[in-house]
Amino acid sequence: MSQPRDCRVALCKATGVAGCSLVEVEGALDGGRTLAAFQSQVGGAIDSGARWIILDTRRITSFLDQGHGAVVALADKARKAGGGLILLCLNVRERTIFKMLKIEHYFQFAETMEEALAIADA
């Protein structure tokens, strides 16, 4: 069994929309300690008052099972806080996989930052 590849949170900051944070991730949401660090950092933003998380997916190289589970868990946590998880620029392949896994209903999807901010500000 191969080792999970690393991911890292490159940016986690407030957006200017109340209760909304932007998270940029680089690498693979595959598992292991870096996925746990990602979950902890994003979960911490929600615990600190972010209701909406915009997850910029442009530099995510892959999601594997544990990565899908992690984003579903974070989406559920954000929903319970009164918001949700917005996937920004999710590529067609991953969007298809989310549909095949029947997990797309956990998320909002946006193609531009403006669209994502409008979802969080509604």
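Under the numbering used here, think of the first position of the sequence shown as 2, with each following residue one higher. Quick reminder that beta carbons are idealized off the backbone N, C-alpha and C, glycines included. Please read all numbers here as calculations on a predicted model, not as lab measurements.
Separation of residue j from residue i, as counted between CA atoms
i                : j              : result
threonine 113    : arginine 59    : 11 Å
leucine 56       : isoleucine 120 : 13 Å
alanine 144      : aspartate 7    : Since the first residue of the chain shown is 2 and the last is 123, residue 144 is not available in this structure.
lysine 78        : arginine 52    : 9 Å
serine 96        : aspartate 31   : Per the sequence shown, residue 96 should be read as arginine rather than serine. When rounded, the distance between both Cα atoms is 17 Å.
arginine 34      : arginine 9     : 10 Å
phenylalanine 64 : glutamine 109  : 17 Å
Terminal residues of the beta strand (DSSP E) in which residue i lies
i             : result
serine 63     : 61-64
valine 18     : Element bounds for valine 18: n/a, residue is neither H nor E.
isoleucine 47 : Note, isoleucine 47: premise wrong, no beta strand (DSSP E); alpha helix (DSSP H) at 33-48.
isoleucine 54 : 53-57
alanine 123   : First-last for alanine 123: undefined, no H or E at that position.
alanine 1     : With the chain covering only 2 through 123, there is no way to say anything about residue 1.
Host alpha helix (DSSP H) of residue i (start-end)
i          : result
leucine 91 : Element bounds for leucine 91: n/a, residue is neither H nor E.
Counted within 10 angstroms of its Cβ, other Cβ atoms place residue i as buried (16 or more) or exposed
i             : result
glycine 50    : exposed
aspartate 66  : exposed
aspartate 122 : exposed
alanine 19    : exposed
leucine 23    : buried
leucine 91    : buried
leucine 102   : exposed
Presumed contact (8 Å Cβ cut-off) between residue i and residue j, rounded CB distance
i              : j             : result
isoleucine 104 : histidine 69  : 6 Å
isoleucine 54  : isoleucine 87 : 7 Å
isoleucine 61  : valine 93     : Not really, about 14 Å apart at Cβ, beyond 8 Å.
alanine 71     : tyrosine 107  : With a Cβ gap of about 12 Å, alanine 71 and tyrosine 107 do not count as contacting.
alanine 74     : leucine 89    : Not quite, the Cβ-Cβ distance comes to about 19 Å (not below 8 Å), so this is no contact.
Sufficient close CB pairs (3 or more, under 8 Å) joining the stretch 114-121 to the stretch 70-83: Counting Cβ pairs under 8 Å, fewer than three are found: no touch.
Do the stretch 9-26 and the stretch 40-50 make contact, defined as three or more Cβ pairs closer than 8 Å? Here the stretch 9-26 lies against the stretch 40-50, with 3 or more beta-carbon pairs under 8 Å apart.
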